[in-house]
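Top line first, the protein sequences correspond to chains A, B, C and D.
Residue 12 in the UniProt record's numbering sits at position 12 of the first sequence; the count goes up by one each step and never skips.
Residue 107 in the UniProt record's numbering sits at position 107 of the second sequence; the count goes up by one each step and never skips.
Residue 62 in the UniProt record's numbering sits at position 62 of the third sequence; the count goes up by one each step and never skips.
Residue 13 in the UniProt record's numbering sits at position 13 of the fourth sequence; the count goes up by one each step and never skips.
Where is the CB? At the ideal position from N, CA and C, for every residue including glycine.
None of these values were measured; they are calculated from a predicted model.
This report refers to the structure that appears directly beneath it.
Protein chains: 4
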Amino acid sequence: MVKKPAPDASRRSERSRRAIYAAALALVVEVGYPKTTVEAIAARAGVGKQTIYRWWPAKADVLLEAFLDLAEQAARELGQEPYAIPDTGDLAADLRAVLRATVDELLDPRFEAPSRALAAEGVVNEQLGREFVAKLLEPQLQLYVDRLRSAQDAGHVRADVDPRIALELFVSPLAQRWLQHTGPISHAYTDTLVDYALNGLAPR
Amino acid sequence: MVKKPAPDASRRSERSRRAIYAAALALVVEVGYPKTTVEAIAARAGVGKQTIYRWWPAKADVLLEAFLDLAEQAARELGQEPYAIPDTGDLAADLRAVLRATVDELLDPRFEAPSRALAAEGVVNEQLGREFVAKLLEPQLQLYVDRLRSAQDAGHVRADVDPRIALELFVSPLAQRWLQHTGPISHAYTDTLVDYALNGLAPR
Amino acid sequence: MVKKPAPDASRRSERSRRAIYAAALALVVEVGYPKTTVEAIAARAGVGKQTIYRWWPAKADVLLEAFLDLAEQAARELGQEPYAIPDTGDLAADLRAVLRATVDELLDPRFEAPSRALAAEGVVNEQLGREFVAKLLEPQLQLYVDRLRSAQDAGHVRADVDPRIALELFVSPLAQRWLQHTGPISHAYTDTLVDYALNGLAPR
Amino acid sequence: MVKKPAPDASRRSERSRRAIYAAALALVVEVGYPKTTVEAIAARAGVGKQTIYRWWPAKADVLLEAFLDLAEQAARELGQEPYAIPDTGDLAADLRAVLRATVDELLDPRFEAPSRALAAEGVVNEQLGREFVAKLLEPQLQLYVDRLRSAQDAGHVRADVDPRIALELFVSPLAQRWLQHTGPISHAYTDTLVDYALNGLAPR
DNA sequence: AATTAACCGAGACGGTACGTCCGGTCTTTAG
DNA sequence: CTAAAGACCGGACGTACCGTCTCGGTTAATT
Numbered sequence: 001m002v003k004k005p006a007p008d009a010s011r012r013s014e015r016s017r018r019a020i021y022a023a024a025l026a027l028v029v030e031v032g033y034p035k036t037t038v039e040a041i042a043a044r045a046g047v048g049k050q051t052i053y054r055w056w057p058a059k060a061d062v063l064l065e066a067f068l069d070l071a072e073q074a075a076r077e078l079g080q081e082p083y084a085i086p087d088t089g090d091l092a093a094d095l096r097a098v099l100r101a102t103v104d105e106l107l108d109p110r111f112e113a114p115s116r117a118l119a120a121e122g123v124v125n126e127q128l129g130r131e132f133v134a135k136l137l138e139p140q141l142q143l144y145v146d147r148l149r150s151a152q153d154a155g156h157v158r159a160d161v162d163p164r165i166a167l168e169l170f171v172s173p174l175a176q177r178w179l180q181h182t183g184p185i186s187h188a189y190t191d192t193l194v195d196y197a198l199n200g201l202a203p204r
Numbered sequence: 001m002v003k004k005p006a007p008d009a010s011r012r013s014e015r016s017r018r019a020i021y022a023a024a025l026a027l028v029v030e031v032g033y034p035k036t037t038v039e040a041i042a043a044r045a046g047v048g049k050q051t052i053y054r055w056w057p058a059k060a061d062v063l064l065e066a067f068l069d070l071a072e073q074a075a076r077e078l079g080q081e082p083y084a085i086p087d088t089g090d091l092a093a094d095l096r097a098v099l100r101a102t103v104d105e106l107l108d109p110r111f112e113a114p115s116r117a118l119a120a121e122g123v124v125n126e127q128l129g130r131e132f133v134a135k136l137l138e139p140q141l142q143l144y145v146d147r148l149r150s151a152q153d154a155g156h157v158r159a160d161v162d163p164r165i166a167l168e169l170f171v172s173p174l175a176q177r178w179l180q181h182t183g184p185i186s187h188a189y190t191d192t193l194v195d196y197a198l199n200g201l202a203p204r
Numbered sequence: 001m002v003k004k005p006a007p008d009a010s011r012r013s014e015r016s017r018r019a020i021y022a023a024a025l026a027l028v029v030e031v032g033y034p035k036t037t038v039e040a041i042a043a044r045a046g047v048g049k050q051t052i053y054r055w056w057p058a059k060a061d062v063l064l065e066a067f068l069d070l071a072e073q074a075a076r077e078l079g080q081e082p083y084a085i086p087d088t089g090d091l092a093a094d095l096r097a098v099l100r101a102t103v104d105e106l107l108d109p110r111f112e113a114p115s116r117a118l119a120a121e122g123v124v125n126e127q128l129g130r131e132f133v134a135k136l137l138e139p140q141l142q143l144y145v146d147r148l149r150s151a152q153d154a155g156h157v158r159a160d161v162d163p164r165i166a167l168e169l170f171v172s173p174l175a176q177r178w179l180q181h182t183g184p185i186s187h188a189y190t191d192t193l194v195d196y197a198l199n200g201l202a203p204r
Numbered sequence: 001m002v003k004k005p006a007p008d009a010s011r012r013s014e015r016s017r018r019a020i021y022a023a024a025l026a027l028v029v030e031v032g033y034p035k036t037t038v039e040a041i042a043a044r045a046g047v048g049k050q051t052i053y054r055w056w057p058a059k060a061d062v063l064l065e066a067f068l069d070l071a072e073q074a075a076r077e078l079g080q081e082p083y084a085i086p087d088t089g090d091l092a093a094d095l096r097a098v099l100r101a102t103v104d105e106l107l108d109p110r111f112e113a114p115s116r117a118l119a120a121e122g123v124v125n126e127q128l129g130r131e132f133v134a135k136l137l138e139p140q141l142q143l144y145v146d147r148l149r150s151a152q153d154a155g156h157v158r159a160d161v162d163p164r165i166a167l168e169l170f171v172s173p174l175a176q177r178w179l180q181h182t183g184p185i186s187h188a189y190t191d192t193l194v195d196y197a198l199n200g201l202a203p204r
């Protein structure tokens with residue numbers, strides 16, 4: 001086993017890192033993931049190829065980091081308290097609101113191409129998939145867990161329900177429609193999901 | 001736009017076609033989808049590259065056809081009346097049974113690699129994705145639609161529920177866990193899904 | 001040891017071969033040997049890089065073949081009986097004539113760049129050097145051997161002289177001046193060489 | 001034209017300079033000239049790359065200096081009065097002696113790799129070639145000029161002979177055989193050269 | 001003794017070319 | 001005419017070095 005002598009991260013060029021993120025995201029949007037080449041990212045970023053290979057093992061990892069950065073940045077721009085589902089006491093309304101926001105994001109072309117690309121790569125490349133889930137998806141799902149627990153405390157959801165599974169009744173159908181084109185996604189659709197699923201969770 | 005003068009399908013070599021299916025599936029299992037090259041498929045199948053390009057536009061289409069063939073063959077082997085969900089009158093039991101069977105199939109390594117590969121390609125390649133869904137996924141989902149409608153007729157499911165959406169409460173969570181590695185899949189898990197979701201669909 | 005499965009020479013593209021020769025020679029003349037890259041040769045010849053690597057192991061070998069081809073072609077153009085030193089009976093005159101012709105060739109820019117490049121590579125790359133000598137240099141030196149032997153038969157050169165060594169008295173000084181820039185080369189210079197050296201070979 | 005502000009030679013690290021010479025020579029011997037990289041020289045010498053680029057414009061110049069240093073050092077070790085051909089009154093014997101010594105040096109592996117490398121580079125890189133000739137070759141050739149003039153004074157060589165050309169009858173054949181592998185070199189060979197050539201220069 | 005200026009080892013950087021691999025096309029030979 | 005074989009053009013891959021640059025850290029010479 002030959003290990004590279006890990007480069008000195010403290011001397012890393014911030015400028016290059018940002019340029020690479022931007023180039024990678026732009027190219028994925030413009031020409032799609034498979035036609036996005038490391039060479040093109042380097043050229044567009046005005047960077048040597050080695051600078052990419054020095055810091056990332058593969059194209060997918062570049063894109064993952066770039067996307068995480070984008071998501072973080074977007075979150076920072078958007079809201080002060082970005083990491084929570086509203087808790088107005090009305091669980092159905094809160095879920096409808098957050099799912100509608102998710103629909104909007106999934107339809108935003110700025111996000112669609114790169115996140116679709118990452119999801120695809122994650123399906124086939126398990127290591128990347130797990131990182132994608134751990135860093136991006138799971139934290140968001142955790143918000144649902146929190147909100148559902150709060151609803152359980154308020155007696156709006158059966159106490160024996162596992163929130164980590166319950167949330168999938170809302171989230172997974174949307175995810176599948178989006179990922180696999182198994183159907184259109186819209187506010188009406190997510191509203192319906194909330195309607196159907198919440199009944200199953202409510203106390204008898 | 002230059003169209004190729006479609007080759008004469010009647011003179012196509014059945015032997016080559018089967019060899020190509022076998023080689024494609026074997027390679028996807030052995031080295032994964034991205035490292036499965038048309039060249040390797042041709043070599044392994046003992047076939048000229050042109051024979052592949054003559055009949056399929058791209059690697060993904062070869063694999064799709066190969067997989068459809070595999071699925072059909074497997075169904076035929078299994079024998080029974082393949083295209084239906086049992087209808088014992090007990091909707092919950094029937095759904096649990098069919099979902100458990102799905103779990104088993106998803107965990108079968110013979111199917112896992114190629115179907116994962118196709119799903120991934122379908123995420124990013126919309127045209128292929130739609131074909132994958134239309135030819136493989138949707139027919140199976142339709143079985144759920146049928147079974148749910150039957151349950152509606154028997155009064156076990158609210159009449160105003162759209163079965164095409166309702167089925168996603170059972171199917172999509174499983175699909176997402178499998179596709180995105182967001183959690184383990186098991187019989188217990190799908191049983192729980194049926195439990196949670198069915199409550200929401202039952203008449204009050 | 002992994003051997004490539006030798007490509008089928010009978011299917012080789014003559015067109016590509018000639019284009020590669022032309023491109024290689026042109027580039028060596030234009031930008032010099034070290035800046036002549038395989039990539040540039042391929043681009044200029046309108047050829048894939050692999051087509052070069054398929055048939056030649058290295059840049060130097062391409063150039064060697066290209067130059068041999070050029071030399072052969074030039075020889076064919078020039079004379080009907082190209083492979084002989086004139087034998088008028090006057091050894092000194094004959095040697096002067098052939099050396100003057102050599103000087104002219106060495107000063108011809110069409111030949112200078114590539115042959116200098118090959119000579120240089122041959123100095124450092126023994127395998128190539130030997131091939132260069134065997135295919136190009138030695139055949140020419142052999143002509144001197146023949147002419148000197150004829151002179152020995154005529155009694156104009158000492159019988160105990162080894163022609164293969166004797167020829168170096170005329171040829172090597174010129175070669176060294178040209179190769180190593182140790183002095184200017186001209187007709188007067190080679191005439192002087194013939195004058196000095198021939199005395200040493202003449203019978204007492 | 002932008003000129004670098006010439007570095008302060010008085011503060012130059014002697015230690016680095018010697019380490020670079022040693023590393024350069026060692027690498028040329030071990031892996032050959034073309035595979036000797038500036039990076040490897042720096043690494044082997046335990047020196048930053050910039051330290052090399054600060055003091056030398058190119059790899060070839062490093063090697064030239066290193067070799068000049070080696071030659072000087074070797075000469076100093078040998079002791080005697082290095083810069084002269086013996087003058088015993090017997091020109092033939094003196095030339096045989098010095099050429100035999102040259103043969104020995106050319107066959108010494110310590111010298112062969114670097115001097116061959118320099119000669120090769122000099123063939124193709126005129127600027128370096130001229131420096132190589134001026135600093136190393138020409139001084140040695142001048143010794144022959146001196147010895148031949150002395151022989152002319154003694155009446156052993158025709159007065160109208162140009163010694164600068166005459167010396168090439170002895171030296172160039174040896175040089176060509178060595179440089180271009182056109183034949184083996186040995187004491188017997190150089191003795192023969194002296195025999196053939198000297199006759200041509202002797203007064204009638 | 002403190003300051004300053006340069007060299008120094010180290011190595012990241014933007015680049016270029018390497019030699020390999022494969023996509024998709026075209027050509028040849030056999031059946 | 002199909003099919004196998006495989007050469008072809010094109011172009012991305014990941015690697016190796018190029019020559020430049022920036023970063024602390026010595027080390028001398030100047031204050």
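(1) Please state the DSSP three-state secondary structure of H156/D.
(2) Put A58/B into one of helix, strand or coil per three-state DSSP.
(3) From the DSSP output, in three-state form, read off E14/A for me.
(4) On a CA-only basis, which of G183/A, L169/A, E105/A and D94/A is nearest L137/B? Give me that one, please.
(5) Quick one: any contact between the region 145-161 of chain A and the region 56-66 of chain B, if contact means 3 or more CB pairs under 8 Å?
(6) Hey, would you say G32/D sits closer than 8 Å to V157/C, going by beta carbons?
(7) For Q80/A, does the three-state DSSP call read helix, strand or coil?
(8) So, is the C-beta of A42/C closer than 8 Å to a C-beta in chain D?
(9) According to the neighbour-count rule (16 or more other Cβ atoms, all chains shown, within 10 Å of its Cβ), is Y83/A buried or exposed?
(10) Tell me, please, whether the CB atom of R116/D is closer than 8 Å to any CB atom in chain C?
(11) Going along chain D, which residues have a C-beta under 8 Å from H181/C?
(12) Which of helix, strand or coil does DSSP assign to I85/B?
(13) Excluding the 5 residues preceding and the 5 following P57/B in the sequence, name in chain order all residues of the same chain whose CB lies nearer than 8 Å to its CB.
(14) Which bits of chain C does P34/D rub up against, with CB to CB less than 7 Å?
(15) Rounded to whole angstroms, what is the Cα-Cα separation between E126/A and R17/A?
(16) If the cut is a Cβ gap below 7 Å, which residues of chain B does Q140/A touch?
(17) If distances are taken between C-alpha atoms only, which option among W178/A, E65/A and F170/A comes closest to I20/A?
(18) Straight-line CA distance for S172/A to E168/B?
(19) Between the Cα of Y189/D and those of L95/D, R164/D and L201/D, spot the shortest distance and give me the residue it belongs to.
(20) Shorter than 8 Å from the beta carbon of residue 211/B to some beta carbon of chain A?
(21) For E121/B, does the count of other Cβ atoms within 10 angstroms reach 16, so buried, or fall short, so exposed?
(22) Is it true that the CB of F67/C sits closer than 8 Å to the CB of I118/C?
(23) Residues in the region 166-180 of chain D with C-beta within 7 Å of chain C's C-beta atoms, listed in sequence order?
(24) In three-state terms, what does DSSP make of N125/C?
(25) On a CA-only basis, which of G89/A, A134/A, A101/A and R12/A is nearest A75/A? Give me that one, please.
(26) With 8 Å as the threshold, decide whether the Cβ of L143/C is near any Cβ in chain D.
(27) May I have the straight-line CA-CA distance separating Q50/C from V38/C, to the nearest angstrom?
(28) Starting from the C-beta of Q176/A, find all residues in its chain whose C-beta is less than 8 Å away, skip the five residues before and the five after it, and write them out in chain order.
(29) Does R54/C pass the burial test, meaning 16 or more other C-beta atoms within 10 Å, or should it be called exposed?
(30) Out of V161/B, D160/B, A166/B and E77/B, which one is the CA nearest neighbour of L141/B?
(31) On the three-state DSSP scale, how would you describe A175/C?
(32) Cutting at 7 Å between CB atoms, please list the residues of its own chain near A159/B, excluding the five before and the five after it.
(33) Under a three-way DSSP split, which group does Y33/D fall into?
(34) Using a beta-carbon distance below 8 Å, is A197/B in contact with chain A?
(35) By the criterion of Cβ-Cβ separation under 8 Å, what are the contact partners of V161/A in chain B?
(36) So which residues on chain C does G200/D lean against when the C-beta distance must stay under 9 Å?
Looking at the coordinates:
(1) Start at 1 with the first residue of the fourth sequence, and residue 156/D comes out as number 156. DSSP places H156/D in coil when its eight states are reduced to three.
(2) Counting from 1 along the second sequence, the entry for residue 58/B is found at position 58. Coil, per DSSP.
(3) Taking the first sequence and counting its residues from 1, one reaches residue 14/A at position 14. It is helical.
(4) The residue you call residue 137/B lines up with position 137 of the second sequence. For L137/B, the nearest C-alpha among the options comes from G183/A.
(5) The region 145-161 of chain A is not in contact with the region 56-66 of chain B.
(6) To locate residue 32/D, count along the fourth sequence from 1; it is residue 32. To locate residue 157/C, count along the third sequence from 1; it is residue 157. It is not a contact, given that the beta carbons lie outside the stated cut-off.
(7) Position 80 of the first sequence, counting from 1, holds the residue named residue 80/A. In this predicted model, Q80/A has a pLDDT of only 49, less than 50, meaning its place in the structure is not dependable enough to derive any value.
(8) Translated into the one-based positions of the third sequence, residue 42/C becomes position 42. Taking Cβ atoms only, chain D never reaches closer than 8 Å to A42/C, which makes this a no.
(9) Along the first sequence, read from residue 1 onward, the residue named residue 83/A stands at position 83. With fewer than 16 other beta carbons inside 10 angstroms of its own, Y83/A counts as exposed.
(10) Position 116 of the fourth sequence, counted from the start, is the residue given in the question as residue 116/D. Among the CB atoms of chain C, one or more fall inside 8 Å of the CB of R116/D.
(11) In the third sequence, residue 181/C corresponds to position 181, counting from 1. Within chain D, the C-beta atoms nearer than 8 Å to that of H181/C come from G122, E126, G129, R130 and V133, in chain order.
(12) The residue given as residue 85/B occupies position 85 in the second sequence. Coil at I85/B, not helix or strand.
(13) The sequence position of residue 57/B within the second sequence is 57, counting from 1. Cβ neighbours of P57/B beyond the five flanking positions: none.
(14) Walking along the fourth sequence from the start, residue 34/D turns up at place 34. Within chain C, the residues V124 have their CB atoms less than 7 Å from the CB of P34/D, given in chain order.
(15) Sequence index remark: in the first sequence, residue 126/A carries index 126 (1-based). Sequence index remark: in the first sequence, residue 17/A carries index 17 (1-based). So the alpha carbons of these two residues sit roughly 25 Å apart.
(16) Mapped onto the first sequence, residue 140/A falls at position 140. Within 7 Å Cβ-Cβ: nothing; Q140/A doesn't reach chain B, min ~11 Å.
(17) Within the first sequence, the letter at position 20 stands for residue 20/A. Nearest option by C-alpha distance: E65/A.
(18) Along the first sequence, one-based indexing puts residue 172/A at 172. Along the second sequence, one-based indexing puts residue 168/B at 168. Each residue's alpha carbon lies about 8 Å from the other.
(19) The sequence position of residue 189/D within the fourth sequence is 189, counting from 1. The candidate whose alpha carbon is nearest that of Y189/D is L95/D.
(20) With chain B covering 1 to 204 only, the question about residue 211/B has no answer from this structure.
(21) Residue mapping note: residue 121/B aligns to position 121 of the second sequence, counting from 1. By the C-beta density criterion, E121/B is buried, having at least 16 other C-beta atoms within 10 angstroms.
(22) On the third sequence, residue 118/C is found 118 positions in, with the first residue counted as 1. On the third sequence, residue 67/C is found 67 positions in, with the first residue counted as 1. Checking the sequence, you will find Leu at residue 118/C rather than Ile. It is a contact, given that the beta carbons lie within the stated cut-off.
(23) A166, E168, L169, S172, P173, A175, Q176, L179 and Q180
(24) Stepping through the third sequence from its first residue, residue 125/C is reached at position 125. Secondary structure at N125/C: coil, using DSSP grouped into helix, strand and coil.
(25) Stepping through the first sequence from its first residue, residue 75/A is reached at position 75. Closest option to A75/A, Cα to Cα, is A101/A.
(26) The count along the third sequence starts at 1 and reaches residue 143/C at position 143. By this cut-off, L143/C is not an interface position.
(27) Indexing the third sequence from 1 puts residue 50/C at position 50. Indexing the third sequence from 1 puts residue 38/C at position 38. Using only the alpha carbons, I get a separation of about 10 Å.
(28) On the first sequence, position 176 is the one that residue 176/A refers to. The beta carbon of Q176/A sits closer than 8 Å to the beta carbons of T182 from its chain, once the five residues preceding and following it are set aside; these are given in chain order.
(29) Taking the first residue of the third sequence as position 1, residue 54/C is located at position 54. Here R54/C is exposed, its C-beta having fewer than 16 other C-beta atoms within 10 Å.
(30) As a first step, residue 141/B is located in the second sequence; it is residue number 141 there, counting from the start. Selected option, being the one with the closest Cα: A166/B.
(31) For the purposes of this step, residue 175/C is identified with residue 175 of the third sequence, where counting begins at 1. Reduced to three states, the DSSP call for A175/C is helix.
(32) For the purposes of this step, residue 159/B is taken as residue 159 along the second sequence, with counting starting at 1. If we look at A159/B and ignore the five residues flanking it on each side, its Cβ neighbours are Q152.
(33) As a first step, residue 33/D is located in the fourth sequence; it is residue number 33 there, counting from the start. Note: Y33/D maps to coil in three-state DSSP.
(34) Here the question's residue 197/B lines up with position 197 in the second sequence. Chain A, which has a Cβ nearer than 8 Å to the Cβ of A197/B, makes this yes.
(35) Mapped onto the first sequence, residue 161/A falls at position 161. The contacting residues are Y196.
(36) As a working mapping, residue 200/D is identified with position 200 in the fourth sequence. Going along chain C in sequence order, the residues near G200/D (Cβ under 9 Å) are L169, D195, Y196, A197, L198, N199, G200, L201 and A202.
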